[in-house]
Amino acid sequence: IFWLLKPVQMTNVSKGEIVAGGFRPNEFSVTRFNGKNETAAFDWAANEVRRDNGERYPLEAGTQDMLSMFWQLALLPLNGATVSLPVATGKGVELYEFTIVGRETLDLPLGAVATVHLANRQPSSKESTDLWLALEKDKLPVRMRFIDRKGNVFDQLAESIALEEKEGKR
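Residue numbering for the sequence shown follows the numbering used here, starting at 9 and increasing by one per position.
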């Protein structure tokens, strides 16, 4: 119903590679229906993120973009109360700390799924992100709920998960 009242359409793309520490982004782009697009290039040799508007930010080891952070979380051990990672945003590189809320079973279109629930509340804004990772599906995200600074809620649920086997690995 929200989409009918306020259409939101955007495409996020993250390109990078898998290295010893997990995912390492090289490029990130956002394409919006209203034409307000953005890109960022990760220059690991120069240790900086360059945005298409000319802004440059220092790049910390392990920095993710706004899309790859969800996949990187699936690669990290989730022992303890929190998990943190640096994330390149439109404002620079910020430390995102996710609280491990606990294990929950979600009833999704694809059935009952055992998950671990993570929550992020950025102290510098009113935005929040909740993420549920499927424990039996390589900790892939199966639900993401984002609340923006205006209080708008965006809730996404997985309808299916398909993992491709390659050389005996997923």
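Built from N, CA and C at the ideal position, the CB exists for glycine as well. Fair warning: this is a prediction, and the values are worked out from it, not measured in the lab.
Rounded to whole angstroms, what is the Cα-Cα separation between residue i and residue j?
i: S168; j: L139; result: 16 Å
i: T19; j: S76; result: 13 Å
i: A48; j: V57; result: 7 Å
i: L148; j: T113; result: 14 Å
i: N87; j: R40; result: 36 Å
i: R151; j: P33; result: 22 Å
Can you tell which of the options has its C-alpha closest to the C-alpha of residue i?
i: I26; options: N42, Q72, G43; result: Q72
i: D115; options: Q130, A166, F41; result: A166
i: E46; options: R59, R111, A54, A120; result: R59
i: K158; options: E68, S37, E135; result: E135
On the criterion of 16 or more Cβ atoms from any shown chain inside 10 Å, does residue i qualify as buried, or is it exposed?
i: S92; result: exposed
i: K23; result: exposed
i: T137; result: buried
i: A96; result: buried
i: A142; result: buried
i: T123; result: buried
My assumption, with CB atoms under 8 Å, is that residue i sits in contact with residue j. Please give the rounded CB distance.
i: F106; j: L81; result: 7 Å
What ranges does the beta strand (DSSP E) occupy inside the stretch 141 to 166, keeping only unbroken runs of at least 3 residues that lie completely in it?
Fully enclosed beta strand (DSSP E) runs of 3 or longer: 149 to 155, 161 to 165.
Curious, which full-length alpha helix (DSSP H) runs of at least 4 residues does the stretch 68 to 153 contain?
Inside the stretch 68 to 153, DSSP marks whole alpha helix (DSSP H) runs of 4 or more residues at positions 76 to 83, from first to last along the chain.
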